[in-house]
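Notes follow the structure.
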Amino acid sequence: MARQNRRLARYTPYVDGPDPLAPPVDLAEALDAIGEDVMAGYSPERAMREFLRRGGRSQTGLDELARRVAERRRALTREHNLDGTLQEVKELLDRAVLAERKQLARDVDMDEGDRALAQMQLDNLPSSPAAAVDELNGYDWRSSEARQEFEKIKDLLGREALDQRFAGMKQALENASDADRAALREMLADLNGLLDARARGADTQEQFDDFMAQHGDYFPEQPRTLDELLDTLAERSAAAQRMRNSMTQEQRDELDALAQQAFGSSDLMDELGRLDDSLRSLRPGEDWGSAEHLDGDNGLGLGDGTGVFQDLADLDALAEQLAQSYEGSQLDDLDLDKLARQLGSDAVVDARTLQRLEKALRESGTLRRGSDGQLALTPKAMRQLGQAVLRAVAETMSGRTGGHDVRRSGAAGEPSGSTRQWAFGDTEPWDVSRTITNALARGSRTLQVDDIEVQETEARTQACVALLVDTSFSMAMEGRWVPMKRTALALHTLVTSRFRGDDLQLIGFGRTAGVMQIEELVGLEEKWEKGTNLHHALLLANRHFRKHPQAQPVLLIVTDGEPTSHLESGGEVFFDYPPHPVTIALAVRELDGSARLGARTTFFRLGDDPGLARFVDAMARRAGGTVVAPETDDLGAAVIGSYLSSRRNGAFGGWGRDDPW
């Protein structure tokens, strides 16, 4: 019995809700990508949507799904045309006429006059299929085979007309009996009566239930209310109308004439016309007026063509949903049933993963919606992003000569008795017992970075740090905007996580300068105004230093241009290029003020401008500082290295306001 049960086992894709065995979404990759876009000037909302559009290393994005949708739409319009029913009628008509000609030729007992008249009638049939069928309605067929082929035309037209309104009806009514046709007419009459009651506002759920109890076999969707039934019928009827709109006038005229002969009577078409009128009135919001151009080789019948037009409508709806361009759009708006029908189960898996990712980003504390309704990175997200940037800087520094010594230099204070996990920038000694215990608890005999814990220390020296970053238009123009932000974020993360006793102030300077929070700087859009106001930035830095008289000032200046603007006595901004002597003089005066406060100064010169090189070299000599000229991608490592070096020297050398550089 057990063996038999194993043979009966079947494995199918999980389709009822989220897959409980699906792997967790990669929030780290998403956050890194979102952070990069935010630093490039995107809003967090736009950055999140851009990531969902692009997808990740192993995750299909919305753009790829949209491409598949567009490709399938093109395939449908290029593969098909709308002549299918007319071509099928012509084929049946040709077979009937051919069979009749053969019968006329071999019937030796037939009167020659009758034979000649019959042949003449067949020879002079109109080229129009509808007119030919109408003329042959009264023809006395000698061939039983010809009569059967001709009767198939009327049966085909009726089934096609019904298949346009009720999917699958063409196959269901093949070889239908008179009783089947009578039952169908009764259903249509009852349905039209129910819709008339809805139009008057007199329908009830009981009426609908009675209708479904009697005619439910015609509706495999098994609607539970009249509204659900109306939605299904109206969607199909509107698709049929769009197909009709897409035909030539000649095609429409032919089909209208043929339709009157469906099932040998106009009763059926009258009921269907009444149904279409009711649906158009009750569901005016459906697309009843558009058309498509189909120019392929595969002729579509009325029923199949209506299905294709429904597919096209589904694809258009999916394209809009995937674009996520309308107000309040979310990935939960995706119609997964339509996606499965049009692109298959793999596309649904991709879409569900994107939905889970969006939900996780919104619910994980990574993004929050502010009072203005816009998404913003949370402090948690900023910490995660900062740690990622800092890790990248650490990898850059570890590849340099001496990088190991910078990262693992001696402790900067006395042990406090507590421990914490090791992170980049730590200079404290390892707590060996806790480190080994962590590895054993993990069941491993080898150490990993996550096992390492260091002894907390109390800082013996406090630094007061001012990072001045150039935000002039040249930084954006030369591709230095994002590296500048990454540098500021890395330094901010290092100070706030490893050297919490230090006080870091971020100052951005363009035409004017301003103190900036890290969230503000990370989200700062590129500025395209000219002006490099180092004078104003140094004023703010010196104010910061004076607020912390017991701390060692550290001045870090990132710039790619000479000073071209300054603040005048009344607060106005003066700008001139080439740099005005007064602008240079005021910047020099404030740098002298920083030197008097004991600031350790480092200039980070970006670019190869000779004028800038001469200026920063002269300024560094005057302040007893240094100049670093890193490549743009190396800026973060250069600034972090300078900060750590200054701090290490201060911790072990006993910083003092009068110490030489």
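Going by this note's numbering, the first residue of the sequence shown is number 30, and it counts up by one from there. Backbone N, C-alpha and C fix where the C-beta goes; we use that ideal spot for every residue, glycine too.
Same chain, Cβ closer than 8 angstroms to residue i, neighbours up to 5 away in sequence not counted
i	result
R171	E129, Q132, L133, D136, M139 and A147
G85	D55, E58, A59 and A62
E366	The question names Glu, but residue 366 is Asp in the sequence shown. So the list is empty, once near-sequence residues are dropped.
Where residue i sits in the DSSP three-state scheme
i	result
V137	coil
L673	helix
G653	coil
Q546	coil
P639	helix
I613	helix
T114	helix
D499	strand
L390	helix
G222	helix
L372	helix
D361	helix
T561	coil
Q416	helix
G314	coil
Q450	strand
G325	coil
Q484	strand
G64	helix
Q132	helix
D169	coil
Q384	helix
L533	strand
A76	helix
L553	coil
Cβ-based neighbour list, residue i, same chain, cut-off 7 angstroms, excluding 5 preceding and 5 following
i	result
E619	H564, L567, L568 and N571
W317	A267, Q270 and R309
R227	L255 and L311
A76	I63, D66 and V67
V483	T448, R449, W451, D455, E457, P458, W459 and D460
H109	L323, G325, N327, L329 and V337
D92	R82 and R83
E189	T114, K199, G330, L331 and G332
Q236	L223 and A226
Nearest residue (CA-CA) to residue i, options the options
i	options	result
R271	F633, E257, G332 and S473	G332
D163	L287, L585 and R312	L287
D345	E356, D364, N327 and L329	D364
L217	D621, G302 and L476	G302
N166	D285, Q289 and T106	Q289
A211	R194, G472 and L297	L297
R540	T588, V498 and V602	V602
G670	V524, A542, D621 and G537	V524
Q339	D209, M411, R194 and P313	R194
E549	E558, G537, R650 and G640	G537
P512	A667, L347 and R412	A667
K409	A421, E392, K181 and R420	E392
R124	L105, G142, L151 and T561	L151
G560	G627, G665 and F604	F604
Q177	K556, V126 and E507	V126
For residue i, the first and last residue of its enclosing alpha helix (DSSP H)
i	result
D256	L255 to S275
R540	Element bounds for R540: n/a, residue is neither H nor E.
F179	S173 to R194
T522	W510 to R527
G332	L331 to A352
R103	L91 to E108
D479	Looking at the DSSP string, D479 is not in any alpha helix (DSSP H), and its letter there is neither H nor E.
R86	No alpha helix (DSSP H) holds R86; DSSP gives it neither H nor E.
D238	Q234 to H244
K199	M198 to A201
R474	First-last for R474: undefined, no H or E at that position.
A320	Taken as a continuous stretch (DSSP letters only), A320 belongs to no alpha helix (DSSP H), as it is neither H nor E.
Extent of the continuous beta strand (DSSP E) run through residue i
i	result
G302	Element bounds for G302: not the beta strand (DSSP E) but the alpha helix (DSSP H), D296 to L311.
R463	Segment V461 to A470 is the alpha helix (DSSP H) holding R463; no beta strand (DSSP E) there.
T630	R629 to R634
Check: residue i C-beta below 6 angstroms from any heavy atom of the ligand HEM
i	result
M139	Only the bare structure without any ligand can be found here, which leaves the ligand HEM out of the picture.
Proximity test, Cβ basis, 7 angstroms: residue i and chain B
i	result
E58	Going by chain labels, chain B is absent from the structure shown, which holds only one protein chain.
Same chain, Cβ closer than 6 angstroms to residue i, five either side skipped, listed in chain order
i	result
D532	C493 and H577
T612	P592 and H595
T630	L584, A652 and G654
P252	L258
Checklist line | Contiguous alpha helix (DSSP H) assignments of at least 4 residues, all confined to the segment 567-625 | finding: 610-625
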